[in-house]
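Everything on this sheet refers to the single structure shown next.
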Ligand SMILES: [Zn+2]
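Residue numbers (the working numbering): -9 to 127.
Structure (structure tokens):
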């Protein structure tokens, strides 16, 4: 996953800890970083979720650490890609994405059969995160 920086350099995705209000640490936020000019920007795909998360903290948040991968599917997916052993590098982000979507759809069918509406809503939200846009490589 790469993106061209405004300086012409190549930007690659890294999972970083973002500090908010000097108190709240948000772990594993996917960020594009440029190797040439060290500019960085949050992935467009995760921006709405990150904004929502920060808004939910209010003006005076308590000191805490939040695992972003627990509330965002892209962070979850990229963390899984990063954690895989180097020898298994053949598995691309696209394959992991497809696998994750299938997994969520299986869970959705299960939630549906249990008539668990809260769970169905949660799964719909997660599926929407992944299907909204695809990352261009
Ligand atoms: Zn740059």
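Note that CB positions come from ideal geometry on N, CA and C, so glycine has one too.
With a 10 Å radius around the Cβ and a threshold of 16 neighbouring Cβ atoms, residue 18 comes out buried.
Excluding residues up to 5 positions away in sequence, 51, 52, 53 and 54 lie with their Cβ nearer than 8 Å to the Cβ of residue 13 in the same chain. Within the DSSP bridge table, the entry for residue 41 names no partner. Using a 10 angstroms sphere on the CB of residue 42, the tally of other CB atoms stays under 16, which defines it as exposed. By DSSP's assignment, residue 23 forms a beta bridge with 2 and 30. For residue 49, the number of other beta carbons within 10 angstroms of its own is below 16, and it is reported as exposed. For residue 108, the Cβ stays outside the 7 Å cut-off from all heavy atoms of ligand 1.
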